[in-house]
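So the sequence shown is numbered by the UniProt record's numbering: it starts at 1 and just counts up by one. Notes for the one structure printed next.
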Amino acid sequence: MSQMSSAVRAILANLDIDDSPVITVQCNGGNIAVNHMGDSPVITVQFNGGNIAVNHMGDSPVITVQCNGGNIAVNHMGDSPVITVQCNGGNIAVNHMGDSPVITVQCNGGNIAVNHMGDSPVITVQCNGGNIAVNHMGDSPVITVKCNGGNIAVNHMGDSPVITVQCNGGNIAVNHMGDSPVITVQCNGGNIAVNHMGDSPVITVQCNGGNIAVNHMGDSPVITVQCNGGNIAVNHMGDSPVITVQCNGGNIAVNHMGDSPVITVQCNGGNIAVNHMGDSPVITVQCNGGNIAVNHMGDSPVITVQCNGGNIAVNHMGDSPVITVQCNGGNIAVNHMGDSPMITVQCNGGNIAVSKMLLTATSNVFKTMFATNMLEKHTNIVSAKDTDFSTMKNIIDYYHKGIVADPLDIDEVAFSYIVEKYNFVGIKEAVAETLLDKFKKEQDIEILEKIFTFKEVLRYNKGSEVFRDLTFE
Numbered sequence: 001m002s003q004m005s006s007a008v009r010a011i012l013a014n015l016d017i018d019d020s021p022v023i024t025v026q027c028n029g030g031n032i033a034v035n036h037m038g039d040s041p042v043i044t045v046q047f048n049g050g051n052i053a054v055n056h057m058g059d060s061p062v063i064t065v066q067c068n069g070g071n072i073a074v075n076h077m078g079d080s081p082v083i084t085v086q087c088n089g090g091n092i093a094v095n096h097m098g099d100s101p102v103i104t105v106q107c108n109g110g111n112i113a114v115n116h117m118g119d120s121p122v123i124t125v126q127c128n129g130g131n132i133a134v135n136h137m138g139d140s141p142v143i144t145v146k147c148n149g150g151n152i153a154v155n156h157m158g159d160s161p162v163i164t165v166q167c168n169g170g171n172i173a174v175n176h177m178g179d180s181p182v183i184t185v186q187c188n189g190g191n192i193a194v195n196h197m198g199d200s201p202v203i204t205v206q207c208n209g210g211n212i213a214v215n216h217m218g219d220s221p222v223i224t225v226q227c228n229g230g231n232i233a234v235n236h237m238g239d240s241p242v243i244t245v246q247c248n249g250g251n252i253a254v255n256h257m258g259d260s261p262v263i264t265v266q267c268n269g270g271n272i273a274v275n276h277m278g279d280s281p282v283i284t285v286q287c288n289g290g291n292i293a294v295n296h297m298g299d300s301p302v303i304t305v306q307c308n309g310g311n312i313a314v315n316h317m318g319d320s321p322v323i324t325v326q327c328n329g330g331n332i333a334v335n336h337m338g339d340s341p342m343i344t345v346q347c348n349g350g351n352i353a354v355s356k357m358l359l360t361a362t363s364n365v366f367k368t369m370f371a372t373n374m375l376e377k378h379t380n381i382v383s384a385k386d387t388d389f390s391t392m393k394n395i396i397d398y399y400h401k402g403i404v405a406d407p408l409d410i411d412e413v414a415f416s417y418i419v420e421k422y423n424f425v426g427i428k429e430a431v432a433e434t435l436l437d438k439f440k441k442e443q444d445i446e447i448l449e450k451i452f453t454f455k456e457v458l459r460y461n462k463g464s465e466v467f468r469d470l471t472f473e
């Protein structure tokens, strides 16, 4: 061991600041310290035990540091074409302020810390255990960080064309303030946190486990967040053309204050909360489980909220031409304070609150009713007390949503009276078709009886020819 140490000291003593073509340092025990300020074509440091420290301020074409045990520290301020650091145990620390074409750091155990302030074309960091910390302030064309265990922290303030962060375990934290064309963050376990303040054309965040938090204040053309487990939180204050958030488990919270042309939020489990204060042309929120809460204060032309389970709450204070809310389970609450005033229709058995704008746009009958049948000019109340509540609700639902929700619950006589009195167009055909379709699917005798009752009752009513050919196969 003493002979090895003497040999190492002899090597180190002879390392001056010239430009030797090849510098090679090998050691099976103890520590190695290399200080190099020249431009040697090749610098190779190999070590099977102990620690390695390399300080390099030249422009060597190749710098290679390999270690099977202990720690590696590399300080580099030159522009070497290739920098490779490999370690099977212990930790790696790399400080780089040059513009090397390739920087590769690989580690199978321990932690990796990379500080980079240059513009290297490729930066690759791979780790199978421990943690990875990458600080980058340059404009490298490709930055790739992969980790199969532990955590990843990436701080990036440059404009690299591609930033890719992949992790199969632990957590990922990405802080980005540049304008990289593509930012991709993928994680199969743990959590993802992305802070982005640039204008990257594509931002993609995918996670199969844990939670995702995305803070974005730029104008990226596409922002996509996908998660199969855990929760998603998206804060967006830019004007990206497309924002898509998809989640198969957990909850989604989206805060948006920009004017993106399309905002789409889809969730198959958990809850969705959307706060939007911009003027996006289309806002779509879909949920197959849990609850949906939508707060919107903009003027989007179309707002669509669909839910197959749970509850829906919509607060809207803008002037959107179309607001559609559909729910197959749970409750719906809609608060609208824009330029689409709510009308109260008074019926026998209760009152119905509807959007004046929506119904006048779909039915001339309601348009006439709202214009001529007001009790008082400023009350927004329509008197229709000669109609029963359930029948009027079915008719309003038809003009609001385009469907006949409960055809079996419609009273035939009341339906006949109100349809003939107000001459509602299309509703009779809709009821007939709905009943026929329902009978063909279910083959229920109750539906068949309903069909014949409708034909008999409406036979003597003016305009009932629509039921003349009401048959089934």
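Ideal placement from N, C-alpha and C gives every residue a C-beta, glycine not left out.
With contacts defined by Cβ atoms closer than 8 Å, I212 and V222 do not form a contacting pair. Secondary structure note for V102: its beta strand (DSSP E) is the uninterrupted segment V102 to C107. In the structure shown, N394 adopts helical secondary structure according to DSSP, grouped into three states.
Secondary structure at F47: strand, using DSSP grouped into helix, strand and coil.
Taking C-beta separations shorter than 6 Å and ignoring five residues to either side along the sequence, the partners of T204 in its chain run T184 and T224, following chain order. When DSSP states are grouped into helix, strand and coil, I303 belongs to the strand group.
For S383, the enclosing beta strand (DSSP E) starts and ends at I381 to D388.
Secondary structure at N191: coil, using DSSP grouped into helix, strand and coil. The C-alpha of D444 is placed about 27 Å away from the C-alpha of Y417.
Residue nearest to T284 within the set A113, V305 and V214 is V305 (criterion: CA-CA distance). Here the alpha carbons of G118 and G138 stand approximately 5 Å from one another. The distance from the Cβ of S260 to that of I243 is about 5 Å, consistent with a contact at the 8 Å cut-off. Per DSSP, the continuous beta strand (DSSP E) segment holding V282 begins and ends at V282 to C287.
For I232, the enclosing beta strand (DSSP E) stretches over residues I232 to H236.
Counting every other CB atom within 10 Å of its CB across the protein chains shown gives N364 a total below 16, marking it as exposed.
If the five residues before and after N135 are omitted, its C-beta is found closer than 6 Å to the C-beta atoms of N115 and N155, all from its own chain and listed in chain order.
Judged by DSSP in its simplified three-state form, V202 adopts strand. Looking at the DSSP output, T84 sits in a beta bridge with T64 and T104.
Put simply, the backbone Cα of N275 is about 16 Å away from that of Q246. In the structure shown, N364 falls within a helical segment according to DSSP collapsed to helix, strand and coil. In this structure, DSSP gives I427 a helical state, which the three-state scheme calls helix. Assigned with DSSP and collapsed to three states, I410 falls in coil, not helix or strand. Inclusion of Q346 and I395 in the CB contact set at 8 Å is not warranted, their separation being larger than that value. A residue is called buried when at least 16 other Cβ atoms come within 10 angstroms of its Cβ; V413 does not meet this threshold and is exposed. Listed in chain order, the non-local C-beta contacts of V419 below 7 Å within the same chain comprise I427 and K428, local neighbours out to five positions each way being set aside. Taking C-beta atoms as the reference points, I72 and I52 count as a pair closer than 8 Å. Between F366 and Y398, the beta carbon gap of about 11 Å keeps them out of contact (Cβ cut-off 8 Å).
Looking at the DSSP output, V94 sits in a beta bridge with V74 and V114. For N175, the uninterrupted beta strand (DSSP E) segment begins and ends at I172 to H176.
When only Cα atoms are considered, I263 and C187 end up about 23 Å apart. Per the C-alpha coordinates, the member of C27, N171 and E433 positioned closest to G49 is C27. Secondary structure in the segment 123 to 168: the beta strand (DSSP E) runs of 3 residues or longer, each lying completely within the stretch, are 132 to 136, 142 to 147, 152 to 156 and 162 to 167 in chain order.
Scanning F47, N55, P81 and D406 for the CA closest to the CA of P41 turns up P81. Cβ neighbours of P407 within its own chain (closer than 6 Å, five residues either side excluded): V431, T434 and L435. Around the Cβ of N131, a 10 Å sphere holds 16 or more other Cβ atoms; the residue is buried.
Residue range I292 to H296 is occupied by the beta strand (DSSP E) that includes N295.
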